[in-house]
Amino acid sequence: MALAARGLTRAFGRHIAVAGADVSVASGTITGLVGPNGAGKTTLLLMLAGLLQPDTGTITVDGTEIDGSRLRSIVGWMPDVFGTWDSLTAVEILSTFGRLHGLSRTEARRRAVDLLELVHLAEFADRPAHELSRGQKQRLGFARTLVHRPRVLLLDEPASGMDPRSRVELRDQLRALADSGCAVLISSHILTELSEMVDDVIIMTEGRTRPSELSAGHRWRIREAGQPAASATTMRFPDEQVAAQHLAELIVAGHQVVEFARIDTELEDAYLALDADRT
Ligand SMILES: Nc1ncnc2c1ncn2[C@@H]1O[C@H](COP(=O)(O)OP(=O)(O)OP(=O)(O)O)[C@@H](O)[C@H]1O
Numbered sequence: 485m486a487l488a489a490r491g492l493t494r495a496f497g498r499h500i501a502v503a504g505a506d507v508s509v510a511s512g513t514i515t516g517l518v519g520p521n522g523a524g525k526t527t528l529l530l531m532l533a534g535l536l537q538p539d540t541g542t543i544t545v546d547g548t549e550i551d552g553s554r555l556r557s558i559v560g561w562m563p564d565v566f567g568t569w570d571s572l573t574a575v576e577i578l579s580t581f582g583r584l585h586g587l588s589r590t591e592a593r594r595r596a597v598d599l600l601e602l603v604h605l606a607e608f609a610d611r612p613a614h615e616l617s618r619g620q621k622q623r624l625g626f627a628r629t630l631v632h633r634p635r636v637l638l639l640d641e642p643a644s645g646m647d648p649r650s651r652v653e654l655r656d657q658l659r660a661l662a663d664s665g666c667a668v669l670i671s672s673h674i675l676t677e678l679s680e681m682v683d684d685v686i687i688m689t690e691g692r693t694r695p696s697e698l699s700a701g702h703r704w705r706i707r708e709a710g711q712p713a714a715s716a717t718t719m720r721f722p723d724e725q726v727a728a729q730h731l732a733e734l735i736v737a738g739h740q741v742v743e744f745a746r747i748d749t750e751l752e753d754a755y756l757a758l759d760a761d762r763t
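Quick note: the sequence shown uses this note's numbering, first residue 485, plus one each step.
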C-alpha cells in the first residue's frame with residue numbers, strides 16, 4: 485500500500501508546526517524521516533496516522549484520498565513513548581487492542597500470543613505491564629502497532645530505549661514487513677542506524693519537507709591496492725545490484741579492489757551540512 489500526502493499544514497495557535505509538507509512512501513519500502521528537534525516530525529506523523537486533523541492538505545492511500553477514521557484502520561502507529569495500562573498483563577493489553585480493531589475474543593488472544601512471541605516477550609505474557617523495562621515496553625508498543633495487520637507503518641523513534649539486539653530485530657522485522665508489501669515511515673535521530681535500514685529519506689526542517697539525495701541511491705567507497713586511503717574513489721549507485729555489477733566489472737578488468745563498501749555516514753553528513761546551513 486502506498487501512502488502520500490500533499491501540502492499538509494498544521495498550526496498550534498500562531499506557531500506553524502508543519503508548513504506544506506509533502507510525503508510519499510511506496511509499498512515495499514522503508515523511508516526515514518529526519519530533522520532537528522521541533523522540526524515537526526511528530527506532528528506530521530500524527531496527521532498521517534489520522535490522529536491529528538491537518539489544517540490544509542490531502543492524504544491519499546493507493547491514490548485515493550481518505551479521512552482520519554479510515555487512515556486509523558490502515559495505519560499502524562507507534563509513538564515514541566508507549567503508555568501502558570500498568571495493572572493489565574501484556575496479553576490483556578494486546579487482546580484489548582485486538583478487540584478494539586474488531587477481532588473476536590479468541591482471535592484477539594491468539595494474535596496477542598503470536599505478537600508477544602515475535603517481540604520476544606512471551607515470558608511476560610501473563611505478567612502486569614508495570615514489570616516491563618522501558619525497552620520491553622517499547623517492544624510491547626511495537627507489537628500493539630501490528631495488532632490489526634496494518635499495511636502502512638508509522639514509527640516515531642521506535643528504537644529509543646531498546647538494547648542493541650532488539651534494535652537489530654526491529655530492523656529485520658521492519659524489512660520483512662516492507663518485503664510483504666507494507667509502506668514504512670520511521671523517524672529517528674540515530675542516523676547511522678537509520679541509513680542502514682532505509683531505502684529513502686525525507687528531511688524536515690522548520691515544518692517543511694524535502695527529499696534527500698539518498699533517493700538517488702547510496703554512495704560507495706572504492707579503493708584499489710596501493711591507493712592511499714584519502715584518495716579512495718566514491719561512486720553513487722541506485723541499488724546494491726548495480727554496485728555488485730560494477731565491482732564485478734572492475735575485477736574482470738584486472739583492478740585490484742581491496743575496499744568496496746557503502747558509506748554509512750552519508751545521511752549523517754547530509755544532516756550535519758543541513759544543520760550548518762541553519763546556523
Ligand atoms: N500540542 C501542541 N501544542 C502546541 N505546540 C505544539 C504541540 N505539538 C507540537 N508543538 C510544537 O510544534 C513544533 C513541532 O513539534 P514536533 O513534536 O512535531 O517536532 P519533532 O520534529 O517531532 O521534534 P523532536 O525531534 O524533538 O521529537 C514544536 O515547536 C512544538 O513545540
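Think of the CB as a built atom: it goes at the ideal place given N, C-alpha and C, for glycine as much as any other residue.
It should be emphasised that the depicted structure is a prediction, and the values quoted were computed from it without experimental measurement.
For residue i, which beta-bridge partners are listed by DSSP?
{"i": "W704", "result": "M719 and R746"}
{"i": "G516", "result": "I670 and V685"}
{"i": "F608", "result": "According to DSSP, which records beta bridges pairwise, F608 is partnered with nothing at all."}
{"i": "M562", "result": "L639"}
{"i": "A503", "result": "T493"}
{"i": "V741", "result": "E708"}
{"i": "R498", "result": "Paired residues: none, contrary to the question."}
{"i": "T590", "result": "Answer by DSSP bridge pairing: none, since T590 is not bridged."}
{"i": "T693", "result": "M688"}
{"i": "A660", "result": "Looking at the DSSP assignment, A660 forms no beta bridge with any residue, so it has no partner."}
Spatial neighbours of residue i within its chain, please: CB distance less than 6 Å, with the 5 preceding and 5 following residues excluded, ordered by chain position.
{"i": "A609", "result": "A574, V575 and L600"}
{"i": "H632", "result": "H585"}
{"i": "T526", "result": "D640"}
{"i": "D753", "result": "none"}
{"i": "L734", "result": "V741"}
Among the options, which residue has its Cα nearest to the Cα of residue i?
{"i": "D723", "options": "A709, P695 and V682", "result": "V682"}
{"i": "A592", "options": "S650, G541 and S579", "result": "S579"}
{"i": "R623", "options": "R594, D564 and L584", "result": "D564"}
{"i": "D647", "options": "V603, W561, E708 and L731", "result": "V603"}
{"i": "T493", "options": "A662, L630, A732 and G524", "result": "G524"}
{"i": "L529", "options": "V502, K621 and A660", "result": "V502"}
{"i": "S664", "options": "I514, N521 and S508", "result": "I514"}
{"i": "L487", "options": "E752, E750, G512 and T629", "result": "G512"}
{"i": "D684", "options": "L605, A495 and G516", "result": "G516"}
{"i": "M688", "options": "D546, V518 and I500", "result": "V518"}
{"i": "G522", "options": "A495, E653, G534 and R655", "result": "A495"}
{"i": "S679", "options": "L751, L731, L658 and T548", "result": "L751"}
{"i": "M562", "options": "R655, T717, L630 and E653", "result": "L630"}
{"i": "G645", "options": "F566, A737, H730 and P520", "result": "F566"}
{"i": "V559", "options": "A667, E653 and R618", "result": "A667"}
{"i": "D546", "options": "I686, S508 and I577", "result": "S508"}
Given residue i, which residues of its chain have a CB within under 8 Å of its CB, disregarding the five upstream and five downstream residues?
{"i": "I674", "result": "A643"}
{"i": "R651", "result": "A643 and E677"}
{"i": "L605", "result": "A574, L616, Q620, R623, L624 and A627"}
{"i": "R659", "result": "I514 and M681"}
{"i": "P634", "result": "I558, V559, G560 and C666"}
Residues in its own chain within less than 7 Å of residue i by CB, not counting five upstream and five downstream?
{"i": "L587", "result": "R595"}
{"i": "A709", "result": "Q740 and V742"}
{"i": "R490", "result": "D506, G541 and T542"}
{"i": "A727", "result": "W704 and F721"}
{"i": "A760", "result": "At A760 the pLDDT is 49, less than 50, meaning the model places this residue with poor confidence and gives no usable figure here."}
{"i": "G497", "result": "none"}
Does the beta-carbon of residue i, which I'm using as the reference point, lie nearer than 7 Å to any heavy atom of ligand 2?
{"i": "T526", "result": "For the structure depicted, ligand 2 is absent and the ligand set comprises only ligand 1."}
Checklist line | Segment contact flag, the stretch 566-573 with the stretch 613-623, C-beta cutoff 8 Å, min 3 pairs | finding: yes
Note to self: Does the structure place the stretch 736-756 close enough to the stretch 699-717 that three or more beta carbon pairs sit under 8 Å?
What the structure shows: Yes, the stretch 699-717 touches the stretch 736-756.
Check: Quick one: any contact between the stretch 665-672 and the stretch 633-641, if contact means 3 or more CB pairs under 8 Å?
Finding: yes
Check: For the 8 Å Cβ check, are there 3 or more pairs between the stretch 680-694 and the stretch 541-558?
Finding: no
Notebook entry, point to check: Between the stretch 534-542 and the stretch 711-720, do at least 3 Cβ pairs fall closer than 8 Å?
Noted result: no
Checklist line | Uninterrupted beta strand (DSSP E) stretches inside the stretch 527-586 (no shorter than 3 residues) | finding: 540-545 and 559-562
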